Amino acid sequence: MKIISITSHILRIPLGDKVFYSSQARFPERNSFLVRIETDTGLVGWGEGGQYGPPEPVAAVIDHVLAPKLIGRDPTEPVVIWEQLYSFSRDFGQKGTYVEAISAIDIALWDISGKAVGLPVSKMLGGAFRNRVKAYATGCYYPEKYDDLPQVLENLKLEASRYRESGFDALKVKIGLLDIHADAERLRVIRETVGPNIAIMVDANHAYTAATAIQMGKLIEKYDIRFFEEPVIPEDRAGYHRVRTENPIPVAGGEAEFTRYGFRDLFSEGCVDIAQPDLTVCGGFTAFSQILALANTHGILVIPHVWGSGIALAAALQALAIIPPMPHTASPIPLRNEPMVEFDRTHNSLRDELLVEKFQLVEGYVGVPQGPGLGVTIDEEALRRFQAC
Ligand code: CA
């Protein structure tokens, strides 16, 4: 089997009146970069690369630099191709766009490899520890009028009740845009709304200095917060270590980290309790398996970050299937020694409408696709619609 074509697809949908804020930015649209790799046998694989940034730079790297290296290659050796592409771009692309492009290619090559032998990627990587994964809702972002606190609190009550009623056992809340006392008030209202039995996590999107993050951790500990995601900027590993040592809440991070080398530094410098590699960012399945092994040796739980289209979610679910309970127990408990899938609940048609298969929450779980490769099928009509936007 040989690769005969590699095509970049840039997908966009404007959010209209569903625009929202994290601590970092206003989100006026959702976008995704997808790559389609076709082989001479007719088998086709799909991959996704990058998350928050504009998709065009990833497309440029693939179209102008990496794709020409792959035409004619055997697609069923993704690890070999990963090492060759990364070695080529090492001097200028150890993090960022180049690794995101390699991620997209790697996911597509594993998709093809699985399809070639009729197995899901999770089986290609050694087998699934689970066929469905407990999901946590990512939501409680900030609205356009984020500084109207009384209205913000009213809306949060409604939103948090919706998650509870749809069967979620866990909810991740955005923090970091407002002063820590206003954000603590948001968490008080959410905890009061969902009651004691739903896990709450917080995500600052690196909004704080270490000193502020430590203050915030102490302030919100009483709301039983299960992890504190991206308290400080990803480059500040000493700050991460300080937050992890001096704040009472377990620290999570890694969605903006790349490859086994980046995670090696995060782990060896004692930055996180929970690692959150994103399949579309860290280097695809090939890098993910290496990061998983490293995390395991450091006693760190892996809970992949998920943000993109249905392809990114399908890739994350295949990856989630191969995470062993850490440490092993006879009855693993989500967030303690068992991973969960991040099930973003903000408006995103690229997640909900791009695939023929739909990801549904059933009894608090999302199923791991069981078909060959990623186990999902692109809806070609939807693809055309999102490309036209
Ligand atoms: Ca995050």
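Just so you know, we're using the working numbering here: the sequence shown kicks off at 1 and counts up by one.
Think of the CB as a built atom: it goes at the ideal place given N, C-alpha and C, for glycine as much as any other residue.
These numbers were taken from a predicted model, which means no experiment stands behind them.
Hey, is residue i close to ligand 3, as in C-beta under 8 Å from one of its heavy atoms?
i           : result
residue 269 : As presented, the structure is devoid of ligand 3, carrying ligand 1 as its sole ligands.
In chain order, what residues of the same chain lie with their CB nearer than 6 Å to the CB of residue i, ignoring the 5 residues before and after it?
i           : result
residue 220 : 184, 187
residue 247 : 214, 217
residue 290 : 260
residue 273 : 250, 251
residue 338 : 325, 332
residue 237 : 269, 271
residue 127 : none
residue 14  : 29
residue 357 : 376
residue 244 : 251
For a test of the three-state rule: what should DSSP assign to residue i, helix, strand or coil?
i           : result
residue 212 : helix
residue 68  : helix
residue 217 : helix
residue 190 : helix
residue 242 : helix
residue 224 : coil
residue 119 : coil
residue 74  : coil
residue 372 : coil
residue 43  : coil
residue 235 : coil
residue 102 : helix
residue 114 : helix
residue 200 : strand
residue 86  : helix
residue 253 : strand
residue 15  : coil
residue 384 : helix
residue 390 : The requested residue 390 is not part of the displayed model; the chain covers only 1 to 389.
Use the C-beta contact count for residue i: other C-beta atoms within 10 angstroms, 16 or more gives buried, fewer gives exposed.
i           : result
residue 71  : exposed
residue 159 : buried
residue 152 : buried
residue 31  : buried
residue 150 : exposed
residue 91  : exposed
residue 255 : buried
residue 64  : exposed
residue 278 : buried
residue 328 : exposed
residue 435 : Examination of residue 435 is not possible in this model, given that the chain is present from 1 through 389 alone.
residue 76  : buried
residue 315 : buried
residue 344 : buried
residue 78  : buried
residue 134 : buried
residue 196 : exposed
residue 173 : buried
residue 166 : exposed
residue 22  : buried
residue 336 : exposed
residue 48  : buried
Residues in its own chain within less than 7 Å of residue i by CB, not counting five upstream and five downstream?
i           : result
residue 372 : 114, 115, 118, 119, 120
residue 223 : 187, 188, 191, 200
residue 93  : 99
residue 39  : 1, 2, 3, 4, 75, 112
residue 390 : The structure shown does not extend to residue 390, since the chain is modelled only from 1 to 389, so the question has no answer here.
residue 382 : 353, 354
residue 319 : 279, 285, 288, 304
residue 51  : 278, 280, 281, 307, 308
residue 89  : 98
Pick out whichever of the options has its Cα sitting closest to the Cα of residue i.
i           : options            : result
residue 472 : 64, 99, 91         : The structure shown does not extend to residue 472, since the chain is modelled only from 1 to 389, so the question has no answer here.
residue 204 : 358, 180, 195      : 180
residue 193 : 208, 182, 171, 209 : 171
residue 137 : 68, 161, 124       : 161
residue 346 : 7, 2, 20           : 20
residue 330 : 58, 129, 350       : 129
residue 376 : 354, 300, 40       : 354
residue 142 : 322, 27, 58, 228   : 27
residue 227 : 275, 108, 54, 42   : 275
residue 175 : 208, 1, 381, 166   : 208
residue 392 : 225, 210, 244      : Since the first and last residues shown for the chain are 1 and 389, residue 392 lies out of range.
residue 108 : 336, 380, 312      : 312
residue 168 : 340, 307, 67       : 340
residue 282 : 154, 360, 334, 105 : 105
residue 146 : 177, 164, 131      : 177
Among residues of its own chain, excluding the 5 on either side of residue i, which ones have a beta-carbon nearer than 8 Å to its beta-carbon?
i           : result
residue 322 : 122, 125, 126, 127, 128, 129, 289, 292
residue 156 : 140, 186, 189, 190, 193
residue 131 : 321, 367, 368, 370
Can you give, in chain order, each stretch of the alpha helix (DSSP H) that sits fully within the segment 256-294 and has at least 4 residues? 259-268, 279-282
As an exercise, report each continuous alpha helix (DSSP H) stretch of at least 4 residues that is fully enclosed by the segment 288-367, in chain order. The segment 288-367 contains these whole alpha helix (DSSP H) runs: 310-321, 349-352.
Complete alpha helix (DSSP H) runs within the segment 134-179 (minimum length 4 residues, chain order): 149-165
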